[in-house]
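Step one of this worksheet: look at the structure below.
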Ligand code: P6P
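Residue numbers (our numbering): 38 to 375.
Okay, structure coming up:
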């Protein structure tokens with residue numbers, strides 16, 4: 038089988054399709070290398086002394102795992118010196134991270150959840166890194182980048198991707214012209230193109246949701262799930278299966294490969310919050326990838342990529358995956374005036 042490495046793929050995309058400018062290619066190669074390092078530390082597990090929690094909490098009020106902080110540091114250090122970024126933002130940091138003055142600044146903004154699915158770290162379940170790339174649209178050279186420069190709707194993304202640290206370590210990328218999957222050749226240390234055109238099946242019989250929250254959902258959400266659970270005796274006329282890994286990266290990766298719908302809706306446990314997941318570095322990159330693979334992604338009411346962010350760490354409801362299912366549950370919410 039002809040082996041196309043990530044570097045060769047990115048150069049061909051730049052040369053043949055002009056979809057990946059040189060600076061963006063450099064950024065993605067550096068992020069991919071950082072994901073290799075994160076995957077290496079994740080893989081050590083208890084042998085690396087990196088399991089367990091710290092005494093600190095992140096901006097989300099979540100107890101930080103040692104690997105959360107280590108993964109964040111790996112991404113910051115890898116991307117500071119390259120000259121391709123104006124600033125970075127992370128789930129693990131309250132404020133944006135500007136490029137130190139000793140390094141040149143670039144035109145891109147990098148946002149990431151350095152290690153998503155932390156509750157699974159200590160029990161050896163797949164976890165991942167999610168990242169999103171924006172351009173510093175209105176940034177004036179020499180002026181300090183501010184949080185406001187990051188607050189762009191997801192449709193402005195120029196690239197998005199994730200690494201999933203599972204039985205295989207994989208990297209999935211989009212630049213707005215399809216979705217591509219690379220598998221890490223752990224012996225050679227290179228990312229090899231193994232999934233050149235990832236497409237989500239439009240139909241599915243599988244949903245992913247945390248059922249323990251059912252009593253807290255809004256009525257249209259309960260209607261959608263109740264109908265799925267009714268199977269062939271219900272209005273859907275087919276039986277559904279359920280999966281919930283509690284690692285968004287792992288659930289989304291499954292959906293990209295065999296279809297399905299991933300849902301984290303609003304619930305009454307914290308009625309003031311629109312949802313649990315974060316818009317800028319979880320929902321937006323995953324929505325970009327899912328749409329590029331032929332799927333759909335809404336906040337149960339509107340297209341995620343159209344949402345105008347107001348704060349860096351804002352949360353959002355998420356329904357993404359096979360288009361027919363996302364459209365149906367979104368219709369139920371709009372009919373109910375959700
Ligand atoms: P729950 C992981 O903490 C995460 O942010 C996503 O990766 C995952 O889909 C979700 O939260 C799991 O949430 O409430 O089921 O533990």
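Even glycine gets a Cβ: it sits at the ideal position worked out from N, Cα and C.
Do you know whose CA, among the options, lies nearest residue i's CA?
{"i": "residue 44", "options": "364, 308 and 229", "result": "229"}
{"i": "residue 242", "options": "127, 166 and 361", "result": "361"}
{"i": "residue 224", "options": "65, 77 and 368", "result": "77"}
{"i": "residue 373", "options": "257, 79, 162 and 57", "result": "257"}
{"i": "residue 288", "options": "248, 321 and 201", "result": "201"}
{"i": "residue 350", "options": "68, 284 and 311", "result": "311"}
{"i": "residue 140", "options": "97, 124, 106 and 300", "result": "124"}
{"i": "residue 251", "options": "48, 127, 282 and 300", "result": "300"}
{"i": "residue 66", "options": "263, 190, 115 and 332", "result": "115"}
{"i": "residue 248", "options": "263, 100 and 71", "result": "263"}
{"i": "residue 337", "options": "319, 136 and 367", "result": "367"}
{"i": "residue 261", "options": "136, 356 and 170", "result": "356"}
{"i": "residue 197", "options": "173, 142, 320 and 52", "result": "320"}
{"i": "residue 60", "options": "172, 371, 75 and 103", "result": "172"}
{"i": "residue 244", "options": "160, 80 and 283", "result": "283"}
{"i": "residue 55", "options": "213, 40 and 147", "result": "213"}
{"i": "residue 227", "options": "71, 269, 58 and 52", "result": "71"}
{"i": "residue 64", "options": "286, 313, 122 and 335", "result": "122"}
{"i": "residue 99", "options": "268, 126, 354 and 313", "result": "313"}
{"i": "residue 168", "options": "293, 87, 156 and 286", "result": "286"}
{"i": "residue 358", "options": "126, 240 and 82", "result": "240"}
{"i": "residue 138", "options": "160, 103, 182 and 101", "result": "182"}
{"i": "residue 103", "options": "82, 280, 120 and 195", "result": "82"}
{"i": "residue 119", "options": "128, 127, 101 and 143", "result": "143"}
{"i": "residue 89", "options": "296, 192 and 156", "result": "156"}
Any heavy atom of the ligand P6P within a distance shorter than 7 angstroms of the CB on residue i?
{"i": "residue 283", "result": "yes"}
{"i": "residue 154", "result": "yes"}
{"i": "residue 293", "result": "no"}
{"i": "residue 314", "result": "yes"}
{"i": "residue 199", "result": "no"}
{"i": "residue 247", "result": "yes"}
{"i": "residue 301", "result": "yes"}
{"i": "residue 288", "result": "yes"}
What span of residues does the beta strand (DSSP E) with residue i cover, start to end?
{"i": "residue 200", "result": "196-202"}
{"i": "residue 145", "result": "145-153"}
{"i": "residue 93", "result": "90-94"}
{"i": "residue 243", "result": "243-245"}
{"i": "residue 232", "result": "227-232"}
{"i": "residue 218", "result": "216-222"}
{"i": "residue 127", "result": "122-127"}
{"i": "residue 248", "result": "Careful: residue 248 lies outside any beta strand (DSSP E) and carries neither H nor E."}
{"i": "residue 299", "result": "298-301"}
{"i": "residue 348", "result": "Careful: residue 348 lies outside any beta strand (DSSP E) and carries neither H nor E."}
{"i": "residue 211", "result": "206-211"}
{"i": "residue 168", "result": "164-172"}
Between which two residues does the alpha helix (DSSP H) containing residue i stretch?
{"i": "residue 370", "result": "360-372"}
{"i": "residue 335", "result": "Residue 335 -> not in any alpha helix (DSSP H); beta strand (DSSP E) instead, spanning 333-335."}
{"i": "residue 85", "result": "Premise fails: residue 85 is in no alpha helix (DSSP H) and is neither H nor E."}
{"i": "residue 103", "result": "103-117"}
{"i": "residue 44", "result": "43-49"}
{"i": "residue 326", "result": "321-329"}
{"i": "residue 266", "result": "256-267"}
{"i": "residue 288", "result": "285-295"}
Got a sec: is the Cβ-Cβ distance from residue i to anything in chain D below 8 angstroms?
{"i": "residue 250", "result": "No chain D is present in this structure, which holds just one protein chain."}
Could you tell me whether the segment 319-338 touches the segment 354-370, where touching means 3 or more Cβ pairs closer than 8 angstroms? Under the three-pair Cβ rule at 8 angstroms, the segment 319-338 counts as touching the segment 354-370.
Count the C-beta pairs between the segment 149-169 and the segment 104-122 that are closer than 8 angstroms, then say yes if the count reaches three, no if not. Touching, per the Cβ criterion.
Please confirm if the segment 211-223 is in contact with the segment 272-287, defined as three or more CB-CB distances below 8 angstroms between the two stretches. Inter-segment contact for the segment 211-223 and the segment 272-287 is absent: fewer than three beta-carbon pairs are separated by less than 8 angstroms.
If you pair each beta-carbon of the segment 157-165 with each one of the segment 193-213, do three or more pairs fall below 8 angstroms? The segment 157-165, when compared against the segment 193-213, does touch it at the 8 angstroms Cβ threshold.
Touching by the beta-carbon criterion (3+ pairs, under 8 angstroms), the segment 84-98 and the segment 231-246: No: the two stretches stay apart, fewer than three of their Cβ pairs being nearer than 8 angstroms.
Counting beta carbon pairs with one atom in the segment 124-139 and one in the segment 46-55, are three or more of them shorter than 8 angstroms? Taking 8 angstroms as the limit for Cβ pairs, the verdict is that the segment 124-139 does not touch the segment 46-55.
For the segment 182-192 against the segment 341-349, are there 3 or more C-beta pairs whose distance is under 8 angstroms? Three or more beta-carbon pairs separated by less than 8 angstroms link the segment 182-192 to the segment 341-349, which places the two stretches in contact.
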